[in-house]
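Engineer: The sequence shown begins at 1 in UniProt numbering and counts up one residue at a time.
Glycine residues also receive a C-beta, built at the ideal position from the N, C-alpha and C atoms.
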Amino acid sequence: MDVAAVGYCLFSPEVSRNQSLARSLGISPQQLQSIFTFSLALHDLGKFTRAFQGLASPGLKGLVGPEATIEYTKRHDTLGMLLWTRGVSEKLGDGHSWHWPASQALGRHGRRAIESLLGAAFGHHGKPVESGSESIDDHALEDDQEAAWEFSLAVAELMKPDWPVEQFNDREWSCQLKRMSWHLAGQAVLADWLGSNQDAFPYQSDAENLDEYWHGKAIPRARALLQQLGFAHALTPAPFEGVEPFFGFEPTPLQLWAQDIPLEASPQLFILEDVTGAGKTEAAMTLAHRLLERHQVEGVYFGLPTMATSNAMYSRIAGVYRRWFAGESQPNLVLAHGARQLNDPFGATIIPSQALDNTYGVGESSASAICNEWFADSRKKALLADVGVGTIDQVLMALLPFRHQSLRLIGLANKLLIVDEIHACDDYMLTLLTAVLTAHAQQGGSAVLLTATLPLDMRHQLVRAWQRGLQGESDASSTDYAFPLATHVSEAGVAAYPVGTRKSVEREVRVDHINDEEAALASLAAAAREGLCACWVRNTVDDAIAAIERLAELVPDPEKLLLFHSRFVMADRQAIEAAALSHFGKASGPEDRAGWVLVATQVVEQSLDLDFDVMISDLAPIDLLIQRAGRLHRHSRDVAGNRLETNDERRGPTLQILAPPYTETPGSQWVRSFLPGTAAVYRNHGQLWLTLKVLLTQGAIRMPQEARLLIESVFSDEAEAAIPEGLFGSHLEQEGARRGQAAMGHFNKLNLDKGYVPASAAGGWLEDVDIGTRLSDEPSVTVTLVRLNEDRSELLPWVTTGQHRWELSQLTVRQSLANRLPAWPAALEVLAEQLFAARKALKYSRLWLPESEEAELRYSQTLGMHKPRECGERN
Numbered sequence: 001m002d003v004a005a006v007g008y009c010l011f012s013p014e015v016s017r018n019q020s021l022a023r024s025l026g027i028s029p030q031q032l033q034s035i036f037t038f039s040l041a042l043h044d045l046g047k048f049t050r051a052f053q054g055l056a057s058p059g060l061k062g063l064v065g066p067e068a069t070i071e072y073t074k075r076h077d078t079l080g081m082l083l084w085t086r087g088v089s090e091k092l093g094d095g096h097s098w099h100w101p102a103s104q105a106l107g108r109h110g111r112r113a114i115e116s117l118l119g120a121a122f123g124h125h126g127k128p129v130e131s132g133s134e135s136i137d138d139h140a141l142e143d144d145q146e147a148a149w150e151f152s153l154a155v156a157e158l159m160k161p162d163w164p165v166e167q168f169n170d171r172e173w174s175c176q177l178k179r180m181s182w183h184l185a186g187q188a189v190l191a192d193w194l195g196s197n198q199d200a201f202p203y204q205s206d207a208e209n210l211d212e213y214w215h216g217k218a219i220p221r222a223r224a225l226l227q228q229l230g231f232a233h234a235l236t237p238a239p240f241e242g243v244e245p246f247f248g249f250e251p252t253p254l255q256l257w258a259q260d261i262p263l264e265a266s267p268q269l270f271i272l273e274d275v276t277g278a279g280k281t282e283a284a285m286t287l288a289h290r291l292l293e294r295h296q297v298e299g300v301y302f303g304l305p306t307m308a309t310s311n312a313m314y315s316r317i318a319g320v321y322r323r324w325f326a327g328e329s330q331p332n333l334v335l336a337h338g339a340r341q342l343n344d345p346f347g348a349t350i351i352p353s354q355a356l357d358n359t360y361g362v363g364e365s366s367a368s369a370i371c372n373e374w375f376a377d378s379r380k381k382a383l384l385a386d387v388g389v390g391t392i393d394q395v396l397m398a399l400l401p402f403r404h405q406s407l408r409l410i411g412l413a414n415k416l417l418i419v420d421e422i423h424a425c426d427d428y429m430l431t432l433l434t435a436v437l438t439a440h441a442q443q444g445g446s447a448v449l450l451t452a453t454l455p456l457d458m459r460h461q462l463v464r465a466w467q468r469g470l471q472g473e474s475d476a477s478s479t480d481y482a483f484p485l486a487t488h489v490s491e492a493g494v495a496a497y498p499v500g501t502r503k504s505v506e507r508e509v510r511v512d513h514i515n516d517e518e519a520a521l522a523s524l525a526a527a528a529r530e531g532l533c534a535c536w537v538r539n540t541v542d543d544a545i546a547a548i549e550r551l552a553e554l555v556p557d558p559e560k561l562l563l564f565h566s567r568f569v570m571a572d573r574q575a576i577e578a579a580a581l582s583h584f585g586k587a588s589g590p591e592d593r594a595g596w597v598l599v600a601t602q603v604v605e606q607s608l609d610l611d612f613d614v615m616i617s618d619l620a621p622i623d624l625l626i627q628r629a630g631r632l633h634r635h636s637r638d639v640a641g642n643r644l645e646t647n648d649e650r651r652g653p654t655l656q657i658l659a660p661p662y663t664e665t666p667g668s669q670w671v672r673s674f675l676p677g678t679a680a681v682y683r684n685h686g687q688l689w690l691t692l693k694v695l696l697t698q699g700a701i702r703m704p705q706e707a708r709l710l711i712e713s714v715f716s717d718e719a720e721a722a723i724p725e726g727l728f729g730s731h732l733e734q735e736g737a738r739r740g741q742a743a744m745g746h747f748n749k750l751n752l753d754k755g756y757v758p759a760s761a762a763g764g765w766l767e768d769v770d771i772g773t774r775l776s777d778e779p780s781v782t783v784t785l786v787r788l789n790e791d792r793s794e795l796l797p798w799v800t801t802g803q804h805r806w807e808l809s810q811l812t813v814r815q816s817l818a819n820r821l822p823a824w825p826a827a828l829e830v831l832a833e834q835l836f837a838a839r840k841a842l843k844y845s846r847l848w849l850p851e852s853e854e855a856e857l858r859y860s861q862t863l864g865m866h867k868p869r870e871c872g873e874r875n
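(1) Please go through the same chain and pick out, in chain order, the residues whose beta-carbon is closer than 7 Å to the beta-carbon of LEU554, but skip the five residues on each side of it.
(2) Kindly list the residues whose CB is nearer than 7 Å to the CB of VAL603, restricted to its own chain and excluding five residues on each side of it in sequence; keep chain order.
(3) Can you tell me where the beta strand (DSSP E) with GLU273 in it begins and where it stops?
(4) Could you give the first and the last residue of the continuous beta strand (DSSP E) run that contains VAL618?
(5) How about ILE271 and VAL505: do their beta carbons lie closer than 9 Å?
(6) Measure the C-alpha to C-alpha separation of ALA56 and VAL88 and round it to an integer number of angstroms.
(7) Within the 9 Å Cβ cut-off, does GLU264 reach chain B?
(8) Near SER116, which residues of its chain fall below 6 Å by C-beta distance, leaving aside the five closest residues on each side in sequence?
(9) Does SER617 pass the burial test, meaning 16 or more other C-beta atoms within 10 Å, or should it be called exposed?
(10) By alpha-carbon positions, which one of ALA826, LEU644, LEU532 ends up nearest to ARG593?
(11) State the Cα-Cα distance for the pair ALA224 and LEU383, rounded to the nearest angstrom.
(12) Which residues does DSSP list as the beta-bridge partners of TRP848?
(13) Within a Cβ cutoff of 7 Å, which residues of the same chain sit near SER16, ignoring the five residues on either side of it in sequence?
(14) Please classify TRP50: does DSSP put it in a helix, a strand, or coil?
(15) Alpha carbon to alpha carbon, how far is ALA722 from LEU690?
(16) Taking C-alpha atoms, which residue in ALA575, ASN539, HIS635, ASP557 lies nearest to GLY585?
(17) Grab me the residues of residue 876's own chain with a C-beta within less than 7 Å of its C-beta, minus the 5 sequence neighbours each way, in chain order.
(18) Return the bridge partner residues of MET703 from the DSSP annotation.
(19) Going by DSSP, what residues sit across from ASP512 in a beta bridge?
(20) What residue from GLY444, HIS295, LEU456 has the CA that sits closest to GLN471's CA?
(21) Thinking just about the alpha-carbon of each residue, which of TYR844, GLU530, GLU208, LEU269 is nearest to the one in THR434?
(22) Mind checking whether ALA191 and VAL320 have CB atoms under 9 Å apart?
(23) Which one or two residues does DSSP pair with TRP536 in a beta bridge?
(24) DSSP on MET744, reduced to helix/strand/coil?
(25) Do you know how far the Cα of TRP163 is from the Cα of LEU437?
(26) Starting from ALA544, trace the alpha helix (DSSP H) in both directions and tell me its first and last residue.
(27) In whole angstroms, what is the alpha-carbon distance linking LEU84 and ALA68?
(28) Which one of GLY500, ALA838, GLU605, ARG468 has the shortest CA to CA distance from CYS535?
(29) Starting from TYR497, follow its DSSP beta bridges and name the residues at the other end.
(30) What does DSSP give as the partner residues of HIS866 in its beta bridges?
(31) For the beta strand (DSSP E) that LYS415 lies in, which residues bound it at each end?
(32) Would you mind sorting VAL807 into buried or exposed? The rule is 16 or more other CB atoms within 10 Å of its CB.
(33) For my contact list, ILE545 and GLN656 are in at a C-beta cut-off of 8 Å; report their separation, rounded to the angstrom.
(34) In angstroms with no decimal places, state the Cα-to-Cα distance between ASP386 and TYR301.
(35) Name the residue from THR487, GLN467, ALA620 whose alpha carbon lies nearest to the alpha carbon of THR540.
(36) Let me make sure I understand the geometry here. Which of ALA318, ASP480, GLY59, ARG468 has the alpha-carbon closest to that of ASP457?
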């Protein structure tokens with residue numbers, strides 16, 4: 001009853017989520033509130049079984065006792081479905097049952113609709129349930145079954161559910177309710193967690209009339225709790241007065257377009273393609289503000305490709321998001337991927353920790369325990385915050401069969417989804433993203449996609465996905481070759497708008513081909529001696545570590561070397577990122593920049609606002625080289641490195657590309673024999689050859705004039721025909737891999753049309769762990785670095801200061817690298833178990849004591865996880 005009261009308040013007719021779902025179902029918000037609340041009141045029907053009741057013997061008068069012949073072998077949510085399918089459903093023939101009008105028969109489709117409602121409620125522990133083929137008699141006595149039935153009748157008499165009778169018996173309406181059951185399931189999970197809060201809803205052992213309890217306690221307590229947590233207050237958007245009044249600078253052409261484009265009333269997709277530095281993020285913020293003002297969205301989620309880009313975006317959003325809202329509104333902002341700035345200064349509790357109930361059985365935690373564990377991970381909070389910033393993975397998981405994915409789905413439902421760097425998606429992620437876009441359009445959301453380098457085929461897929469959600473067809477106008485380009489997709493169709501470019505962001509970066517690592521090292525060392533700042537973007541961590549170790553022998557001041565890659569714990573990544581922004585960022589001055597050299601992997605190529613005098617890059621596909629070139633002479637400066645408001649005074653920018661010698665007839669080992677790491681990372685060697693060819697032919701990267709030419713010269717179907725025979729094998733192999741990735745995405749993604757049932761997941765349902773959003777040859781493993789306290793009686797986090805030290809002590813590596821870590825010492829197994837009991841989220845990670853002397857791999861703040869040279873092979 002407590003959970004139903006929370007659901008009743010969450011689904012108030014004034015709530016936009018209720019209104020949107022009711023509109024989709026063609027019923028009134030009051031009717032949807034009524035039938036959803038009734039289904040929630042039955043969400044724990046399975047607890048009426050003697051199997052569940054036998055878990056405790058409280059000795060209170062009037063309660064049944066355990067039955068020795070019945071064991072608790074099925075979860076209570078499954079038992080609820082079993083009670084429905086094997087008993088309760090058969091008793092609904094009486095027209096008066098559950099307040100169904102006596103004059104109307106309950107048909108086959110009506111029963112299926114009720115099952116969809118109850119299935120969403122029974123699935124309140126985060127995944128759908130099924131009853132199986134066994135008998136209810138194996139789990140419940142006849143008295144239990146009768147008690148469950150009588151309770152359902154009493155609740156129906158109390159709540160008098162307002163069944164939309166005509167729609168209920170309609171096949172199409174039943175199918176639509178099935179599709180909407182995912183959103184109802186998410187609301188059921190949220191209601192169950194809130195309604196299980198013992199502080200708000202204390203346990204009661206005195207019998208009380210249902211009507212008195214419902215009106216006198218459950219509803220008032222639910223309203224008070226939601227008021228306390230902020231669910232009862234809709235944020236008031238501030239008026240949007242224009243780009244220049246809001247940001248304080250003259251808008252770019254793209255920002256002007258975002259300011260002036262007429263908005264439709266229907267769900268809308270915006271695809272913004274423009275050069276680096278054209279203000280795409282501010283254009284997206286402008287669209288967000290306008291949609292908030294019109295009450296078409298109630299919040300925003302920014303999805304980025306990496307943790308580093310999430311951090312950068314968080315810093316930009318933190319300074320402006322409060323101004324999207326008016327008056328006393330207190331929106332919360334959460335960084336989704338980790339611990340940085342979670343509570344300082346803009347963190348959000350969303351739902352506070354609760355006192356824990358006892359677990360029900362092995363592997364079956366109480367609602368309060370699951371709630372605490374789920375919200376302990378800030379990544380999961382972000383989709384329920386008013387404004388969330390994190391990786392795209394949290395969004396993609398809404399369409400994958402993970403426990404509690406429905407919470408992600410409802411968290412996204414009323415938000416504007418903004419995805420940056422969408423070109424970074426591989427075919428697997430793109431398949432999932434298109435599924436998310438279709439679902440988001442279906443549930444009435446809007447989205448903005450940002451990119452500087454989008455192949456036409458990818459744009460077509462994104463547009464088609466959105467139109468599937470709108471139940472429309474793709475429009476040929478989405479093939480527009482102009483660049484920069486803004487595409488607007490709504491029920492009115494697809495409109496493509498060529499956009500102008502500011503002179504200040506037009507760029508020409510000369511390309512210089514080098515085919516000797518020693519030449520690359522010499523160039524960086526010379527830059528350091530001249531007092532310039534430089535960067536070498538390497539394609540593998542091992543190559544980056546090897547380069548930094550060689551540079552330490554060549555540069556005048558090794559203390560001015562910085563290494564940035566993915567194998568640092570979160571705390572060190574954040575420190576390195578801050579140092580990179582200090583020495584190479586927008587605000588850096590001559591003293592900050594002089595002689596500093598950064599060696600980095602792909603983590604540096606997206607979103608970080610860095611500006612280098614000199615840059616070398618390993619050969620990579622053309623879109624990535626364009627991104628990397630965007631960090632070369634990014635801001636106007638004089639020769640000393642001072643910022644200028646006028647044109648840049650440094651020598652013209654040159655991107656030096658380390659690549660094998662160019663030949664028209666390369667062999668199959670063309671890349672592998674020169675850059676084996678690059679060959680392993682970017683396996684379509686035909687595309688690498690096409691990239692080098694077009695850059696040598698053009699002699700420079702000219703943006704935006706040649707953006708489309710550069711991209712399509714590598715990624716179009718026509719370009720494929722030009723790949724030399726010696727590299728065509730790798731091309732065909734990777735095309736096959738791409739199709740396999742897309743097929744795996746289609747296999748893994750949920751089929752929302754099937755409704756919230758186990759069969760909607762082709763590969764079965766998984767626990768709530770972060771796998772499945774990205775494909776690679778091997779899975780990733782989260783490694784938690786630990787140290788022993790002085791008397792070796794406790795495991796402590798590797799990071800010794802600050803909040804969230806455990807999260808800050810983690811890094812993620814591929815499985816094969818994690819396998820090279822030493823086995824956990826048997827003598828410390830008890831300490832590990834104690835740690836997992838205290839911090840359940842850590843059980844999904846691998847513990848590592850870096851201080852162990854026999855470890856093949858070591859860890860340092862400057863090199864991250866690495867293999868010391870003395871261990872043999874060079875990194």
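Structural biologist: With the given structure in hand:
(1) Position 554 of the sequence shown, counted from the first residue, corresponds to residue 554. Excluding residues within five positions, the ones whose Cβ falls inside 7 Å are LEU521, ALA525.
(2) Locating residue 603 in the sequence shown gives position 603, counting from the first residue. THR306, ALA308, PHE564, HIS565, SER566.
(3) As a working mapping, residue 273 is identified with position 273 in the sequence shown. Its beta strand (DSSP E) spans residues 269-273.
(4) Looking up residue 618 in the sequence shown gives position 618. According to the sequence displayed, residue 618 carries Asp and not Val. ASP618 -> beta strand (DSSP E) spans 614-618.
(5) Here residue 271 refers to the residue found at position 271 of the sequence shown. Here residue 505 refers to the residue found at position 505 of the sequence shown. Taking 9 Å as the Cβ cut-off, ILE271 and VAL505 do not qualify as a contacting pair.
(6) Walking along the sequence shown from the start, residue 56 turns up at place 56. Walking along the sequence shown from the start, residue 88 turns up at place 88. Distance between the alpha carbons of ALA56 and VAL88: 25 Å.
(7) Chain labels in this structure do not include chain B; a single protein chain is all it has.
(8) Within the sequence shown, residue 116 is the residue found at index 116, counting from 1. Excluding residues up to 5 positions away in sequence, LEU177, LYS178, SER181, GLY755 lie with their Cβ nearer than 6 Å to the Cβ of SER116 in the same chain.
(9) Stepping through the sequence shown from its first residue, residue 617 is reached at position 617. With 16 or more other Cβ atoms within 10 Å, it is buried.
(10) In the sequence shown, residue 593 corresponds to position 593, counting from 1. The residue with the shortest Cα to Cα distance from ARG593 is LEU532.
(11) For the purposes of this step, residue 224 is identified with residue 224 of the sequence shown, where counting begins at 1. For the purposes of this step, residue 383 is identified with residue 383 of the sequence shown, where counting begins at 1. ALA224 and LEU383: Cα-Cα distance of roughly 23 Å.
(12) Within the sequence shown, numbered from 1, the residue matching residue 848 stands at position 848. Answer by DSSP bridge pairing, in chain order: LEU785.
(13) The count along the sequence shown starts at 1 and reaches residue 16 at position 16. These residues qualify, in order along the chain: GLU298, ASN414.
(14) Within the sequence shown, numbered from 1, the residue matching residue 50 stands at position 50. Before going further, note that residue 50 is Arg rather than Trp in the sequence given. Three-state result, ARG50: helix.
(15) Residue 722 sits at position 722 when you count from the first residue of the sequence shown. Residue 690 sits at position 690 when you count from the first residue of the sequence shown. Each residue's alpha carbon lies about 8 Å from the other.
(16) Locating residue 585 in the sequence shown gives position 585, where the first residue counts as 1. Considering only alpha carbons, the answer is HIS635.
(17) Past the edges of the chain, shown from 1 to 875, lies residue 876, and the structure says nothing about it.
(18) Working through the sequence shown from its first residue, we reach residue 703 at position 703. Paired residue(s): ARG507.
(19) What you label residue 512 is simply residue 512 of the sequence shown in a count that begins at 1. Its beta-bridge partners are GLN656.
(20) For the purposes of this step, residue 471 is taken as residue 471 along the sequence shown, with counting starting at 1. Comparing Cα positions, the closest option is GLY444.
(21) Taking the sequence shown and counting its residues from 1, the one referred to as residue 434 is at position 434. Ranking TYR844, GLU530, GLU208, LEU269 by Cα distance to THR434 puts LEU269 first.
(22) In the sequence shown, counting from the first residue as 1, residue 191 sits at position 191. In the sequence shown, counting from the first residue as 1, residue 320 sits at position 320. Result no, Cβ atoms of ALA191 and VAL320 do not sit closer than 9 Å.
(23) Working through the sequence shown from its first residue, we reach residue 536 at position 536. Its beta-bridge partners are VAL599, ILE616.
(24) Locating residue 744 in the sequence shown gives position 744, where the first residue counts as 1. Reduced to three states, the DSSP call for MET744 is helix.
(25) Numbered from 1 along the sequence shown, position 437 holds the residue referred to as residue 437. Numbered from 1 along the sequence shown, position 163 holds the residue referred to as residue 163. Looking at the two C-alpha atoms, the distance is approximately 32 Å.
(26) For this step, residue 544 is matched to residue 544 along the sequence shown. Start and end: 541-551.
(27) For the purposes of this step, residue 84 is taken as residue 84 along the sequence shown, with counting starting at 1. For the purposes of this step, residue 68 is taken as residue 68 along the sequence shown, with counting starting at 1. According to the sequence shown, residue 84 is Trp rather than Leu. The straight-line gap from Cα to Cα measures roughly 24 Å.
(28) Along the sequence shown, read from residue 1 onward, the residue named residue 535 stands at position 535. Here the closest residue by C-alpha is GLU605.
(29) For this step, residue 497 is matched to residue 497 along the sequence shown. DSSP output for TYR497 lists ALA486 as bridge partner(s).
(30) Within the sequence shown, the letter at position 866 stands for residue 866. Per DSSP, ARG858.
(31) For this step, residue 415 is matched to residue 415 along the sequence shown. Per DSSP, the continuous beta strand (DSSP E) segment holding LYS415 begins and ends at 415-419.
(32) For the purposes of this step, residue 807 is taken as the residue at position 807 of the sequence shown. One detail in the question is off: residue 807 reads as Glu in this sequence, not Val. Buried: at least 16 other Cβ atoms inside 10 Å.
(33) Position 545 of the sequence shown, counting from 1, holds the residue named residue 545. Position 656 of the sequence shown, counting from 1, holds the residue named residue 656. That belief does not hold up - the Cβ atoms of ILE545 and GLN656 are roughly 20 Å apart, past 8 Å.
(34) Residue mapping note: residue 386 aligns to position 386 of the sequence shown, counting from 1. Residue mapping note: residue 301 aligns to position 301 of the sequence shown, counting from 1. Distance between the alpha carbons of ASP386 and TYR301 is about 8 Å.
(35) Within the sequence shown, the letter at position 540 stands for residue 540. Out of THR487, GLN467, ALA620, ALA620 has the C-alpha closest to the C-alpha of THR540.
(36) As a working note, residue 457 is residue 457 in the sequence shown. Of the residues ALA318, ASP480, GLY59, ARG468, the one whose Cα lies closest to the Cα of ASP457 is ASP480.
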